[in-house]
Amino acid sequence: MIRSAICGIGAALPRHVMTNSELETKVDTSDAWIVQRTGIRQRYIAGKGETTVSLGTAAAQKALENARLGVDAIDMIILATSTPDHTFPASATEIQSNLGMNHGFAFDVQAVCSGFVFALVTADNYLRAGMARRALVIGAETFSRILDWHDRSTCVLFGDGAGAVVLEARSSKGTINDTGILASCLRSDGRHMEKLYVDGGPSTTRTVGHLHMQGREVFKYAVGMITDVVDNCFAQTGLSARDLNWFVPHQANKRIIDAAAHKLGIAPEKVVITVGEHGNTSAASVPLALAAASRDGRLKKGDLIMLEAMGGGFTWGAVLLRR
185 MIRSAICGIG AALPRHVMTN SELETKVDTS DAWIVQRTGI RQRYIAGKGE
235 TTVSLGTAAA QKALENARLG VDAIDMIILA TSTPDHTFPA SATEIQSNLG
285 MNHGFAFDVQ AVCSGFVFAL VTADNYLRAG MARRALVIGA ETFSRILDWH
335 DRSTCVLFGD GAGAVVLEAR SSKGTINDTG ILASCLRSDG RHMEKLYVDG
385 GPSTTRTVGH LHMQGREVFK YAVGMITDVV DNCFAQTGLS ARDLNWFVPH
435 QANKRIIDAA AHKLGIAPEK VVITVGEHGN TSAASVPLAL AAASRDGRLK
485 KGDLIMLEAM GGGFTWGAVL LRR
């Protein structure tokens, strides 16, 4: 059977690092308050000339370099983002152009913080169906552009950045020891829209709008939803938390990450956490965390890795893969 395997990982961040101390000069907050409740110490904020497309392009280039492939080897691009450069065309097509790729196809996926997981599963299905041999899957965001910088409950949480992987179709034996994606699970429930949303859009206000979040409500649902999809992936394969080498969760809040890992029985030393450095980068958070763990040598060939994310909508999903 065909498995979709990650053969390259890349990341890109804006130049400007905004520390909690800098935020203290903008809103009524403190470093101690932010760290205690979220684990965030800093985040990267896009400046002039830095956009979702420019960051996504840079991450894609690094993923290609890491895979030792040229753009001619790529058949498709899927970009997960909630902050595209334009209403249309799809920002993925702009990245395609920036890379000098004039073949194949490219499109965007919008599932907010779950976007990269949704995009990865979508690419996996294209590869397994034989419609492509290799895909660039990118998560890129500039959430700083939709924040209300007077709302201290939200502006302290989010940052900008991009991460990307090269996904390659490989013939496999069809066992749990295969390299590549072994199981996935996606879910959504639109009844929760008011808990995390942006109050703008082309068809309603004709404006971009600002992010709004009921933080306590999101926290209340998050752990249960995360464990739901992770357990589903374990059930599909007969594997368990004990078999995992690494748990790479959406980097929204360290308390959510810790609570979910504890409920799932995943040892703290197996959890990749980058929220302290990046903040919540929405669809970019999982690939940024993957890139960090790959760069420092934690991810080894043959490692069993669980990815998960939850975002506005609500949307949530998980992917179990072997490196």
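Counting in my numbering, the sequence shown runs from 185 upward without gaps. Glycine is no exception: its CB is placed at the ideal position from the N, C-alpha and C atoms.
Under the three-state DSSP convention, the category residue i falls into
| i | result |
| --- | --- |
| T499 | strand |
| W217 | helix |
| V402 | helix |
| E325 | strand |
| E234 | coil |
| T391 | strand |
| P471 | helix |
| G358 | coil |
| A313 | coil |
| D332 | coil |
| P273 | coil |
C-beta contact flag for residue i and residue j at 8 Å
| i | j | result |
| --- | --- | --- |
| A195 | A346 | yes |
| N250 | G192 | yes |
| Y158 | F498 | For the chain, the structure presents residues 185 to 507; residue 158 sits outside this window and is missing. |
| A264 | A476 | no |
| P125 | L239 | Summary: the structure shown does not reach residue 125, with the chain confined to residues 185 through 507, and so no result is reported for it. |
| R318 | E352 | yes |
| M377 | Y310 | no |
| T343 | R227 | Note on identity: in this sequence residue 343 is Gly, with Thr being the wrong assignment. Against a cut-off of 8 Å, the Cβ pair of R227 and G343 comes out as a contact. |
| A444 | P452 | no |
Burial state of residue i, where buried means 16 or more other Cβ atoms lie within 10 Å
| i | result |
| --- | --- |
| W500 | buried |
| K246 | buried |
| A316 | buried |
| W333 | exposed |
| S337 | exposed |
| S275 | buried |
Separation of residue j from residue i, as counted between CA atoms
| i | j | result |
| --- | --- | --- |
| N361 | R506 | 8 Å |
| P471 | R225 | 20 Å |
| F418 | V349 | 23 Å |
| T236 | A324 | 6 Å |
| G408 | V296 | 18 Å |
| S266 | A290 | 16 Å |
| S355 | A473 | 27 Å |
| C369 | D215 | 36 Å |
| Q294 | F272 | 13 Å |
| K485 | A189 | 11 Å |
| H396 | F403 | 14 Å |
| K447 | L331 | 32 Å |
| L423 | I322 | 28 Å |
| V420 | L207 | The sequence given here has Gln at residue 420, not Val. For Q420 and L207, the distance between alpha carbons rounds to 44 Å. |
| M285 | T241 | 12 Å |
| H394 | M185 | 45 Å |
Contact test: residue i Cβ vs the ligand COA heavy atom, cutoff 7 Å
| i | result |
| --- | --- |
| H200 | Among the ligands in the structure shown, none appear at all, so the ligand COA cannot be discussed. |
Candidates the options: closest to residue i by CA position
| i | options | result |
| --- | --- | --- |
| L504 | G254, A493 and E453 | A493 |
| D212 | G358, L474, D383 and D335 | D335 |
| S478 | N464, T458 and P273 | T458 |
| I229 | V201, R439, A444 and N464 | V201 |
| Q280 | G393, H270, I258 and Q435 | I258 |
| N282 | D308, S298, A244 and G481 | A244 |
| R223 | N437, T389, T306 and G385 | Residue identity check: residue 223 is Gly in the sequence provided, not Arg. Comparing Cα-Cα distances from G223 to each of N437, T389, T306 and G385, the minimum goes to N437. |
| F327 | S469, T389, L253 and T209 | S469 |
| L483 | K447, A451, W430 and H462 | W430 |
| L488 | E401, Q220, I365 and G284 | I365 |
| D292 | N286, L320, L304 and I262 | I262 |
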